[in-house]
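Below is one structure, written out as C-alpha cells, with a few remarks after it.
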Amino acid sequence: MSTQSRSFPTAEATRRRAFYGSFAVAFVGAAEWEVESRASGTEYRVMLRDGRFECDCPSYNYDVIHGPRDHCKHSRCVAAVVNDEVCPHCTMPRCRPSCPNRSDS
Numbered sequence: 015m016s017t018q019s020r021s022f023p024t025a026e027a028t029r030r031r032a033f034y035g036s037f038a039v040a041f042v043g044a045a046e047w048e049v050e051s052r053a054s055g056t057e058y059r060v061m062l063r064d065g066r067f068e069c070d071c072p073s074y075n076y077d078v079i080h081g082p083r084d085h086c087k088h089s090r091c092v093a094a095v096v097n098d099e100v101c102p103h104c105t106m107p108r109c110r111p112s113c114p115n116r117s118d119s
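The number in this note's numbering is simply the position in the sequence shown, starting from 1, with 14 added.
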C-alpha cells in the first residue's frame, strides 16, 4: 500500500486566491454568507459560529477539520469582506472596472 502525503497550499497562496476576484460573496443573514466561484459557478455556505468562520466545502472538511489549516479560501474570503479588505462583488482590494460597486470618484 502506497502512502502519499498530501501537499497543502500555503496560507499565503490561499489568501491570494481568495483576494483576486475568484468569488462573489453575498450575505444571506444570521451570520451566513454564500460564496460563489466565478470559474465554476459552485456555491458554498460560510457561517460564523463561536467567532470562527466555517464552510461547507470539501476543502474545509479535509484541510481544516481533519488537517493542519485554520481556514479555507471561502472562509478567508468572507473574513476579508467582513473586514472591508475586499469588495464583496468583485473580491478585489480595488474594484474592477466592471464591478457594479465601483465608484470612480
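Beta carbons are placed, not taken as given, at the ideal position from N, Cα and C, and that holds for glycine. Since the model is a prediction, treat every value here as computed from it, not as a measurement.
By the Cβ test, the region 87-96 is in contact with the region 45-63, since at least three Cβ pairs between them sit closer than 8 Å.
Linking Leu-62 to Glu-68 through their CA atoms gives a straight-line distance of about 6 Å. When only Cα atoms are considered, Pro-82 and Tyr-74 end up about 11 Å apart.
Cβ neighbours of Pro-102 within its own chain (closer than 6 Å, five residues either side excluded): Val-39 and Val-95. The DSSP assignment places 37-41, 46-51, 57-63 and 66-69 as complete runs of the beta strand (DSSP E) inside the region 30-77, in order along the chain (cut-off: 3 residues). Within its own chain, the residues whose Cβ lies closer than 6 Å to the Cβ of Arg-116, once the five positions on either side in sequence are excluded, are Cys-109, listed in chain order. Counting the other CB atoms within 10 Å of its CB gives Asp-77 a total of 16 or more, which places it among the buried residues.
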